[in-house]
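J.: Have a look at this one.
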């Protein structure tokens with residue numbers, strides 16, 4: 201139940217009159233000046249929060265040269281995930297620990313799809329080898345490969361999510377986890393190659409490997425270097441000096457004022473150019489009128505002379 205903002209009388213929900221029955225004040229218009237000022241203050245606070253968030257996001261991503269370098273080095277590890285980290289070669293189907301296999305082997309994505317499409321068959325194969333054979337290690341290696349990719353992506357988005365804390369070390373934590381998972385992934389997948397050599401054949405879903413071999417691949421060297429570089433730049437950003445919200449807001453206002461001043465200057469130039477163009481048109485029009493009057497006067501003079509000549 202509402203109450204009158206002036207006298208405090210309780211107002212029933214079926215009372216639809218704008219005026220209070222007790223004191224007669226207009227409830228919708230009561231204290232409207234103060235309420236308008238309060239709304240303005242609330243709007244200013246909301247804009248301040250908005251600008252502070254935008255300032256922090258922009259500063260976190262490319263506020264300094266070091267942060268721009270971090271933005272680049274954070275994307276580069278993606279290259280490592282399309283290179284082969286480890287491989288299982290065989291006379292049948294081969295497997296490469298990578299998002300994209302350029303050798304005709306089955307990639308990590310193909311293995312993951314088998315898990316969803318033929319999960320019962322995979323579980324039977326894993327149980328048959330007592331969860332310690334090549335199928336188990338291929339699947340576990342693939343799982344940790346995807347976890348490594350997921351955590352490095354999370355580390356990137358933490359630069360935006362945690363932008364209010366420019367010196368946060370959470371990105372470094374996720375980088376470390378991603379690197380740890382990548383190491384586990386390569387070790388497990390490489391072990392599956394050595395274990396597969398003890399089996400004449402084994403199946404990963406609908407894929408069958410025969411007389412397998414393989415192990416560690418060169419692509420992981422590139423991948424681990426890029427992952428370490430991403431972690432290193434995140435450490436450098438975390439320990440580097442960072443600007444305060446007040447400094448960022450002052451810079452934003454300075455840029456906004458400079459932009460407004462430039463636009464005002466451009467508008468003055470355009471107005472001056474329009475004024476000069478208008479004067480030029482007026483001068484041109486005057487010249488045209490003067491030339492027309494001159495020609496008219498000359499014509500009238502000739503006509504007058506000719507008329508006088510005929511009259512004689």
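Residue numbers (the numbering used here): 201 to 512. The beta-carbon is built from N, C-alpha and C at its ideal position, and this holds for glycine as well.
1) Classify residue 331 as buried or exposed, calling it buried when 16 or more other Cβ atoms lie within 10 Å of its own Cβ.
2) Run through the segment 423 to 499 for me and flag every whole alpha helix (DSSP H) of 4 or more residues, listed as ranges in chain order.
3) By a C-beta neighbour count over all protein chains shown, 10 Å radius and 16 as the cutoff for buried, is residue 305 buried or exposed?
4) Measuring straight from C-alpha to C-alpha, what distance separates residue 487 and residue 493?
5) Whole angstroms are fine: how far does the CA of residue 238 sit from the CA of residue 248?
6) With three or more C-beta pairs closer than 8 Å as the rule, is the segment 257 to 270 touching the segment 414 to 423?
7) For the segment 440 to 448 and the segment 241 to 256, state whether three or more C-beta atom pairs, one from each stretch, are separated by less than 8 Å.
8) Using the Cα positions of residue 435 and residue 406, report the straight-line distance between them to the nearest angstrom.
9) Below 8 Å CB to CB, which residues in the same chain sit around residue 314 once its five sequence neighbours on both sides are set aside?
10) On the premise that residue 293 lies in contact with residue 287, defined as a C-beta separation below 8 Å, what is that separation, rounded to the nearest angstrom?
11) Does the separation of the CB atoms of residue 438 and residue 368 fall below 8 Å?
12) Tell me which residues share the same chain as residue 426 and place their Cβ nearer than 7 Å to its Cβ, disregarding the 5 neighbours each side in the sequence.
13) Compute the Euclidean distance between the alpha carbons of residue 472 and residue 454, then round it to the nearest angstrom.
14) Select from 324, 328, 382, 272 the residue whose C-alpha is nearest the C-alpha of residue 351.
15) Have a look at the DSSP bridge pairing and note the partners of residue 402.
16) Helix, strand or coil for residue 234, going by three-state DSSP, please let me know.
17) Taking the alpha carbon of residue 371 as the reference point, which residue from 353, 388, 422, 457 has its own alpha carbon closest?
18) Are residue 429 and residue 412 touching if we call contact CB-CB under 8 Å?
19) Can you tell me which of the three DSSP states residue 415 falls into?
20) Helix or strand or just coil, what does DSSP make of residue 293?
21) Under 6 Å Cβ to Cβ from residue 345, same chain only, skipping five residues before and after it: list those, please.
22) What residues in its chain sit with their C-beta under 7 Å from that of residue 347, if we drop five residues either side in the sequence?
23) Just to check my reading of the structure: residue 282 and residue 300 have Cβ atoms closer than 8 Å, yes? What is that Cβ distance to the nearest angstrom?
24) Is the beta carbon of residue 414 sitting closer than 8 Å to the one on residue 401?
25) Grab the span of the alpha helix (DSSP H) containing residue 303 for me, first residue to last.
26) Nearest to residue 271 by CA position, among 462, 469, 356, is which residue?
27) Taking the Cβ atom as the reference point for each residue, do residue 395 and residue 333 lie within a distance shorter than 8 Å?
28) Taking the beta carbon of residue 440 as the centre, do at least 16 other beta carbons fall within 10 Å, making it buried, or is it exposed?
29) In whole angstroms, what separates the C-alpha of residue 444 from that of residue 457?
30) Looking at the secondary structure, which residues open and close the alpha helix (DSSP H) in which residue 341 lies?
T.: Let's see:
1) Its Cβ having fewer than 16 others within 10 Å, residue 331 is exposed.
2) Counting only runs of 4 or more, we get nothing.
3) buried
4) 10 Å
5) 15 Å
6) Cβ pair count under 8 Å is below three, so no.
7) yes
8) 44 Å
9) 322, 404, 405, 406, 407
10) That pair is no contact at about 12 Å.
11) Contact flag set, yes.
12) 276, 277, 279, 280
13) 27 Å
14) 382
15) 409
16) helix
17) 353
18) no
19) strand
20) coil
21) Within the same chain, residue 345 has close Cβ partners 297, 308, 385.
22) 381
23) 5 Å
24) Going by C-beta atoms, residue 414 is not nearer than 8 Å to residue 401.
25) Segment: none, residue 303 is in no alpha helix (DSSP H) and carries neither H nor E.
26) 356
27) yes
28) Its Cβ having fewer than 16 others within 10 Å, residue 440 is exposed.
29) Pairing residue 444 with residue 457, the inter-Cα distance amounts to about 20 Å.
30) 334 to 361
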